[in-house]
Every structure is written in structure tokens, then in C-alpha cells.
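Notes for the one structure printed next.
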Amino acid sequence: MGVFKKALVCLALFVVTPIVSAGAFFETGRSQVNTTVDNGGWVTVNLQKSYTNPVVIAGYVSHNNDNSLSARVRNVTGTSFQVGVQSPCESYNRFNGTTPPAANTCPSSPWLSESIDWIVIEQGTWVFPDGTKIEAYNHVTSTTRSRFGSSNARDSISFTHTYSSAPAVIHGVSSYNDPNWISSVVWGDSTNKGTLPNNVSFSLAMEGAEAATSHGSETLGWMAIEIGSGTNSGNTYSAGRVSRIIDRHNDECQQIGLGATFSAAPNVVVKKNTMSGGDGAWVRSCGAIAGTTNFRVHMEEEQVNDGDRTGVDEAASWFAFESGSFGALEFLSATKTVTDEDGDSVGGPGELLTYAVTITNLQDDFAQANNATSTNPEFTDDLDSNVIFDSVVSASSGSLTHNAGLNRMEWQGSVPPSGTVNLQYRVRVNEDMAICSLSNISNQGQLNMDPIDDAVETGDVDNLNYIVELSDDPTLNDGVDTDGDTLTDDDDSTIISADCLADISVTKSDASANFEPGQNSSYTIVITNSGPHSVVGIQVADTLPNGLSFNGAVSCNITTGSGSCGAQSISGQDYNQSISLGDSSSATIVIPVISSSNPNDY
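The following block contains the structure:
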């Protein structure tokens, strides 16, 4: 009797690991400095996250030294920066020669240590996971506003987001091209420096106060965020601004509520939002850095030209976040699911798998552009090595193609505000027995985003999609935070179980009911695969009974559907045949035999 042998099924895990880190983030912190930057007091900050185009904003500064101090930043990279405090008393006195007046004399004793709160955020236009609008950009300029120079010098900056009301705006100098003292200033988008930024635009400049009429070109980082509070990645945040209620150094210390209650003292970055007084000023702490519900500040002034530290009240904005924590920034999201041809949620040899991708723009006022020249299309999906590309089913917009050289799907197109793009494409599971040794077929697509608005900052000349966001299968939750945003349910690979499921039947019939010595006859073996999957390498074996021998060539043919007859061997009374059959296919083997004339052979 013939014997049908089916390959054994072994279980092994096959997972495609993303080749790049994913997500966009911000983080805050507090640095302790022991002396000023002119005395070598730079402190290196190593960041928790990696950034492509980081925007760094430092300050406010604590008030352990009575002399004027402001924050300064240099050597910004994707993983670190240096921060310190700078005093105008150590900078070149432009108006009184090289000898400063008594009011600007640096302390004779060593500087006391100070604390500086700071934020680092990926450049671009974003939303928090709760929908809060936020944007941050680097702006390179030499525009300097000062009392003795151009008192109204400014650069006009327009927001990328459409805000229903004016956001909080924080800012700071984040380069050290010119070592002379300088700060930064923001007010409304006009020459009326007593107005606050509105919901459309604002003025931005370096602040020379009474110490500088000009300054070398520097990078100014700025961030705007909707006013309010909430949580991001499990951490409390608040953003707000106050009108012109913050008085000068020698006049009053203003207590401001954070607008949220923190479990511990948060990091707070506070920045001036008007320039009502002509002398110039910046925000500085006038008490403890911050409590869990409020902070205390006043307007600091330099003392280069005189000792005056009184004057006009100013407005300010702030952003507070859990100390030493990071949060997630969002732009586009992508869900990716898979269905198999027969609907049993198991991918087998030769079966078609259909992937469905939905790309969603989470912002209601900012589009992902079609950057056709970018080496990273807006969406890519590296195909699993256990499948081959079959066809593009549909793309609701843009261009969806298969890059044969990289063996990946590529979509190029734009995603309008609050818009979606739907993609479908098919792959076919490899028709080999290696599939039988898999537990699943898993892979993950990725969005390649360009969050920078060229209309706001012209520095995005390359139009590259450089920020990655991984796709998510909403039907799964592997409990793993793949993209490092503290969430485990937003970055799951798309997985389908793999196995060789085939209903194989074998029949064998004799051409003759009875055999006579020397008679020619044949056996017919029919192998049928009723599916649902193709089967590769079925081994058919048959041993002739005593008294019978092979009588010519054994034939093997695919009689229904698809498949192929492979290697065949005959040894003595044994016959072996390899066959591959598609779903709903059959093969027929005909074995010619002759009966022996010698009775002793039976």
C-alpha cells in the first residue's frame, strides 16, 4: 500500500526589527552651574532622547547671586548641549570703555551656584497626544533690540498652527557665536512693544538692553503652545501667560499660579512676552525655583550703564513639566492590518495576504507635504522575507509602488489637515516548506514625516521626511514600548499566524482485479490538496508487493489546478515522488507493473 508523508510543522518566531528609532519628543530638566560661562562654568547636559533638529530654550535662572544673570546655551547636538549663566558684568562694556561703572562691577567673591530650568523639543509643528497644539522652531538672526541702538528692531514670526486664542510663547538664545552677553525678547507683531503676541504672529529679537547695540548672528529657539494643562506620557504639564503684572528686580516679586498641581516641583521655563520698558529685561526667579502649584519671578535688568533695576511691569509666558521627564509629539499616525485569502487568519504557502494601511493627519491645520525628492517616501513598508510582492490594490491619493531593489512598499503623497489616506497592497506567501517552520509573519510600516513649515522657517531647504513614526496594528497589543513614548498600544507590528494547513487526500487503485503470471498492469495514485494552503514538497512513497516489478517509466502529472512533479526515484521495489500542489489541485501518478511468472516470487 502507498504511504503519504507530510513534512512536520516546527514552531519558530520570525520578527522584523525596525532599523531606525521612532517618534518625536520633548524633555525638560534642571542644571546646576557653579560659576559663569566667562569663568568656564559650562555644564554639559546629556539628553534622554535623540533629536534631529533640537530646539533648546533655557531659563529662568535662580537668584542666589545678586548680580544680573541670564541663561546661555551652546554646542547643541541631537543628544546633548551645554548650558550656563552669563553676566553682563563680564561682557565688553560698549558704552563706557573697558572699565565698567561701579554698578556693573562683578562680585569680588566667587560666584554662588545657580539652577537653570530648560526644555529641548524637536523642531516642527506638532500636537500632544491629547490634541494640544504646539510648535517649536530655530530662528537664526542678528536682529538686536536695545535701548541705545534700534529700540524697535524685530523679526516678524508667524505661527504655523491656527490658534483660537493667543498661545504661550517661550524663547531663548541657543548658540554662542558671539561670546558677548545677550538675551532674547518677544512682543506682539508690531512696533508697539507693550503688546503681547496674538494668535497669529509675534516679534522676536535679541535683547541687547543697555549692554549692546549689535550682536553677532545667533540661533534663537522659540516654542508656542496652547494655554492649558493636562498630561503627556503620564506626566503633568501646564502652559500659561500673564499680562503686564511682573515688576522689576527692585520693585516686587510676583507669584504666579501654575494652573495645575504637580506631585513635585516641576521644571518651569518662563520668558518675557512684552518690551514695555526701554531699558530691556528678562525673567528671573526671585525666590525658590518653583513649588508644586506656583512660582515667583521678577524682571531682571543688566547693570552695564547704570545701577537701575526698577521700571515698567512686563508680561510673560511659561511652560511647566514634571521634572526631568519627557513627552511625546504627534503629527501623523498609521494603522496597518492584514487579512488572508481564505479568511482563517493563518498565512500559508502560496496564499495571498492583503495589507490595509490608514494614514491619519492628527493636526487640523498643518499638512504633510509630498516631498518627492526625499529619499524617504512619506510611508514605507519593508516586506517580510517570507513573502513576495503581488500587486497594488488601491491608494486613495498619491502614488503607491513596490521598490523591487529595496523590496519595500513606498507611498509618496500629501496628507491634508485632519485628512486620511487609505492604501491596500497584496503579497503572496512563499511557496516553500520554510513557511511550515514559522509561528507568524510579522512586519511594520513606518511614516517618514516632515514637520517643518517652510513658510515659517526657510531652513528646511532639503524638504526631507526625517521624523519616523511606526505603524500600529490596532487589533494587537504586545505590551512592548517599541517607540519609547511610554505607551505599549500604539506601535504594534502587524502579525499573522503562519502554518501549512492543507487537507491532503490520497487514493490508489489497481488496473486489474486479479493478476496472472506475466501480466502487465498499473497502479494509479491520485493526490488531492483541498486547501486552504499550497503544499510544497509532498513526499509520495510506494513499495510494490512481492511478485510485482516496475515495467517502464512512472508518470506524474498535475491533473487539476496548479503544481509540479519534482524529483522521482526507483530502487528495487520502492518508488518515491516529490510533488507540490496549490490549493484545490491534484496530481495523478501511474505506475506500470508486471507480475512475475515464477510462483516462488510470491
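Its first residue numbered 10, the sequence shown is counted upward by one per residue in the working numbering. For each residue, glycine too, the CB sits at the ideal point set by N, CA and C. Just so we're clear, the structure is a prediction, and the values are computed from it rather than from any experiment.
Here G581 is exposed, its C-beta having fewer than 16 other C-beta atoms within 10 Å. Counting C-beta atoms within 10 angstroms of its own C-beta, Y584 has 16 or more neighbours from the protein chains shown and is therefore classed as buried. Secondary structure note for V85: it is in no beta strand (DSSP E), with a DSSP letter that is neither H nor E.
In the structure shown, V92 adopts extended strand secondary structure according to DSSP, grouped into three states. Cβ atoms of S595 and G561 stay farther apart than 8 Å, at about 23 Å. Counting the other Cβ atoms within 10 Å of the Cβ of N55 gives fewer than 16, which makes it exposed. As the crow flies, the alpha-carbon of L338 is around 44 Å from that of M442. Between Q132 and G68, the alpha-carbon positions lie close to 19 Å from each other.
For I191, the secondary structure class from DSSP, reduced to helix, strand or coil, is coil.
Fully contained in the region 216–241 is no alpha helix (DSSP H) run of length 4 or more. Put simply, of R83, S77, V65 and V64 the residue whose alpha carbon is nearest the alpha carbon of G49 is R83. The residue from G93, L432 and K281 with its alpha-carbon nearest to that of W420 is L432.
Bridge pairing for W420: F388 and L409 [DSSP]. Between the alpha carbons of Q586 and C574 lies a distance of about 8 Å.
Note: M308 is bridge-paired with R257 and V292 in the DSSP secondary-structure output.
P63 is bridged by DSSP to E131. For W327, the enclosing beta strand (DSSP E) starts and ends at E323 to F330. G93 is positioned such that its CB atom lies no closer than 8 Å to that of V136. Non-local C-beta neighbours of G230 in its own chain, meaning closer than 6 Å and more than five positions away in sequence, comprise V64, V65, I66, N147, G181 and S183, ordered along the chain. Distance between D592 and G243, taken at the CA atoms: about 50 Å.
For T141, the CB contacts under 6 Å within the same chain, skipping 5 residues up- and downstream, are E235 in chain order. For G32, the number of other beta carbons within 10 angstroms of its own is at least 16, and it is reported as buried. If only uninterrupted beta strand (DSSP E) runs of at least 3 residues are considered, those enclosed by the region 327–383 are 335–338, 341–349 and 361–370. The C-beta separation of S589 from I534 comes to about 16 Å, leaving the pair out of contact by the 8 Å criterion.
In the DSSP assignment, N186 forms no beta bridge with any residue.
Under the DSSP definition of a beta bridge, L432 partners with V366 and A404. Around the CB of S79, 16 or more other CB atoms lie within 10 Å, so the residue is classed as buried.
Per the coordinates, the alpha-carbon of Q91 lies some 15 Å from the alpha-carbon of E123. Rounded to whole angstroms, V195 and A214 show a C-alpha spacing of 7 Å. Closest in alpha carbon position to S294, among T503, T597 and S77, is S77.
The C-beta of T484 has fewer than 16 other C-beta atoms within 10 Å across all chains shown, which makes the residue exposed.
Residue environment analysis places N395 among the buried positions, since at least 16 neighbouring C-beta atoms fall within 10 angstroms of its C-beta. For G203, there is no enclosing beta strand (DSSP E), as DSSP marks it with neither H nor E. E478 has its alpha-carbon roughly 14 Å from the corresponding atom of D391. Cβ-Cβ separation between S334 and E144: approximately 20 Å, too far for a contact (criterion under 8 Å).
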